[in-house]
Each structure stands twice: as structure tokens, then as C-alpha cells.
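Mapping the sequence shown onto our numbering, position 143 (from 1) lands on 149, and the numbers just tick up by one.
Glycine included, each C-beta is placed from N, C-alpha and C at the ideal position.
Because the structure is a prediction, the values reported are computed rather than measured.
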Amino acid sequence: MQIPFVDLKAQYLSIKSEIDVAIQYILENANFIGGEQVQSFETAFASYIGTKHCIACANGTDSIEILLQAMGIKAGDEVLVPAISWISTSESVSNIGAVPIFVDVDDFFVINVDLIENKITEKTKAIIPVHLYGHPADMPKIMKIAQKYDLKVLEDCAQAHGAEINGRKIGTWGDCASFSFYPGKNLGAYGDAGAMLTNNEKIAEKARRIANHGQLQKHDHQIEGRNSRLDTIQAAILNTKLKYIEKWTEDRIKNAVMYSDFLNETDILCPKIKTDYKHVFHLYVIRSNRRDGLQSYLHEKGIQTAIHYPIALPFLPCYKKYGFIKTDFPIASLFQNEILSLPMYAELKQEQIQYIADSIIKF
Ligand SMILES: *Cc1c(COP(=O)(O)O)cnc(C)c1O
């Protein structure tokens, strides 16, 4: 059996006729930037997550960077980020001249709230919790700390469309939230796409200006901005796919439950979920102290896996200048050697999950 890590084609085929019609419509109207499709996606996505504003933009990385600027984060400010994430989280901080301050993670792979206060200085202005792999960061606790120290909170929701804490969606807890619709994300476009969500009028207006050359109306350049827009074709694709996100999420959760049941009797550490948290399983990440051997074995069996991420952020070559050592981030440095992401998507079949689990048990 050959099992790819993700199977975007299977998802496309399941909604092919609808997608083809949506794309054809844009081609025939020859309106490729902005327009009704972009507006209706913004309205629909804001309503799905439960915020007042949604500003579509070119990709998830831009959405973080623009929101930091829209919140008034400036060069020299310090922004707390988790030690494990995709580089976008910390890179966006550096790209506006601010300094990413790494905080080690906890057992749920998210920022360890007990370590946050130790990292706060006079220069700290914001926290970017990342809902990594689809498991929410501890937003109630993070918001309490933010209030105490007057910090802004930007939720990085790139891996957690539809995740919840106590029935309230992530993306509604902080001052604002960034989303990515990179093709492999839980809600994915057929190219790059992103969005910025907030209930805050001022942040929304500033973000909208920055993403479109400083203008709200054409030629009204109150500030300088940049070009970070969502293409109309991508908006049409996202509008079509948004209708299925709940079903796809339920299927991901079912698949995760199956994995965990099948692997129950092994010494593999399966992902844990906090009580009253909804994990949306962008990734199903196990831990094994024989990770590399396990990965090669699964590869021989035709099973593609991945590592998210093989080097934790503080230890990347680009952050060598900070001189971190393993003991600065003991959990992240342990996890980077143990984590393995198994195939995870809505279209995975029970036989495939069974085969993957059996192969792990044989190993
Ligand atoms: C994918 C991702 C991003 C950035 O998204 P792009 O659309 O690829 O720019 C940011 N943060 C995290 C945690 C991600 O996984």
C-alpha cells in the first residue's frame, strides 16, 4: 500500500464539479483582483469564526506581519513566540524590526503559559500564541497574563481553522488572529492565501490599509502600505471549500481517534487533548524515542510521514546570533528528536489508518 502524507487531489476530486464551475465563472468575468468573491469570502469566514472583521490577504505570513504593524508593534519591541512553530511566526516579528522572544512549549506542543511571565521585560509588547497542529494554546490564561502586563495578543491560527476552547472558536480570543489558506492547511486555496480577523475596528482599518497600499478607497493613500491581496480565483475556491470545512474537520477528528485507538497498546505517545478543547488535527503528531528508525521503516512500507519541525525555532541557523543552547528550551529540544507527523486528511480511509498503525506496531 502507498499512502501519501497529504492527498490534495482526493479532496479536489470530491468537489471537482463545483470548483470547476467557480473557477470558470471568474475566468469568464475576467475580474481577477478583489470583487464580490473576495467580499463574500471575508463575510463568510468572519461569520464562521465569529469576528466582526475579516481582511483577506496574500498569505498567512503576511497576515501576521501586517497585524503586528496594525497593532502598533515597532522596531525594538519584543514579541513572545513559542519555541516550536513554522518560521513565519518568528520571521514576521523580525521582519518589522521587532525581536522574537522564544518561550518553550508544553506537553500539548503549544506555548507553555507557566514560562511566559519570566520572559516579559519593559520591551515586551505582544504575544503570538500558535495553535500548533490544531490544538489550541491556553487562551484564557494567556489573555489574563496579557491583561496584567498590557500586552497585545495575535493568535496564529494557520493550523487550527475551527478549533475551540469551551465552545468558543480560536481566533476570537486575542486582539486579532492570522489565518493561512496554504493548500495543505485545513482550509486550503489552490495557491497562497491568508486572512486577518479581529473585532477591533482600528486594527481592522489599519490592516486593510496596509494590505492595499495604504488605501481604503482608490488613491486615498493616508499611509504607505504594501500589496498583499487575495486573488479572486482563490477567493472563489475558498468560498466553495468553506462549506465543507466542518465535515472535513469531523473526518480529521474521527481519523485521529482511530489512530489513537489502534496505537493504544504501544509505547508511542499519541497527541493529547485538553479537557473542553477542540483539536482540529491539522497534523497528527506522535512521539517516539526511536523516531528516525520508525520513519525509515514506515517509508519502506510505502507510508509517507513528515517532521514538524526537525529543528525548533531557537536552534535554526538564522537564530544562531542569539546563542541558544539545548537547556534553554529543554522540551522543544527533546520534542524535535521525537516528533513524527503521520498522514492526516479527511479522505484517509480506515484500512489505510489500520495499515499505518499495524506497521508502527510491527516496528
Ligand atoms: C502555514 C503557517 C503560517 C504561514 O502561512 P503561509 O500562508 O504559508 O504564509 C504561519 N504560521 C504557521 C504556524 C503555519 O503553519
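C-alpha distance - residue i paired with residue j, whole-angstrom precision
i	j	result
Val263	Lys355	13 Å
Ile61	Tyr18	26 Å
Thr255	Ala143	18 Å
Asp112	Gln223	45 Å
Arg235	Val44	9 Å
Gly103	Ile317	23 Å
Met202	Gly173	21 Å
Leu322	Ala81	22 Å
Asp334	Glu42	49 Å
Ser69	Cys63	7 Å
Val159	Ala16	37 Å
Ile29	Phe38	11 Å
Lys58	Arg297	44 Å
Lys212	Lys154	25 Å
Gln358	Leu269	14 Å
Ile373	Ala76	What the structure shows of the chain is the stretch from 7 to 369, and residue 373 is not part of that stretch, so it cannot be assessed.
Asp198	Ala164	12 Å
Asp1	Asn233	Any question about residue 1 goes unanswered here, given that the chain covers just 7 to 369.
Gly40	Gly220	16 Å
Pro88	Ser184	15 Å
Val27	Lys253	21 Å
Proximity of residue i and residue j at Cβ, strictly below 8 Å
i	j	result
Tyr139	Phe115	yes
Leu86	Thr127	no
Val136	Ile117	yes
Ile251	Leu193	yes
Phe47	Ala241	yes
Thr246	Ile21	yes
Ala352	Asp257	yes
Thr178	Gly56	yes
Pro336	Asp120	no
Cys182	Ile148	no
Glu230	Asn295	no
Leu300	Ile366	yes
Ser347	Leu289	yes
Ile122	Leu319	no
Thr238	Ile32	yes
Thr272	Asp162	no
Gly200	Leu14	no
Ala132	Ile79	yes
Tyr265	Gly66	no
Val286	His167	yes
Ser100	Leu74	no
Tyr325	His141	no
Trp196	Ile134	Reading off the sequence, residue 196 comes out as Tyr, not Trp. Contact flag unset, no.
Arg293	Phe330	no
Residues near residue i by beta carbon distance below 8 Å, same chain, minus five either side
i	result
Gly308	Met7, Gln8, Ile9
Ala50	Asn245, Leu248
Ala52	Lys58, His59, Cys60, Leu203
Residue i beta carbon near ligand 1 (any heavy atom closer than 7 Å)
i	result
Trp179	no
Proximal residues to residue i (C-beta, below 6 Å), its chain only, five neighbours per side dropped
i	result
Ile25	Thr246
Lys175	Ile55, Gly56
Tyr303	Phe369
Met145	Ile171, Trp179
Tyr361	Met7
Lys332	Ser339
Residues of its chain near residue i, where Cβ-Cβ distance is below 7 Å and the 5 sequence neighbours each way are ignored
i	result
Asn218	Gly231, Arg235
Lys280	Phe114
Asn206	Asp181, Cys182
Arg214	Ile61, Leu222
Phe11	Gln310, Thr311, Ala312, Pro349
Lys125	Leu86, Ile107, Val109
Gln228	Arg215, Gly220
Problem set entry | Around ligand 1, Cβ to any heavy atom closer than 6 Å, ordered along the chain | For ligand 1, the selected residues are Asn65, Gly66, Thr67, Ser91, Trp92, Ser94, Thr95, Val136, Asp162, Ala164, Gln165, Ser186, Tyr188, Asp198, Gly200.
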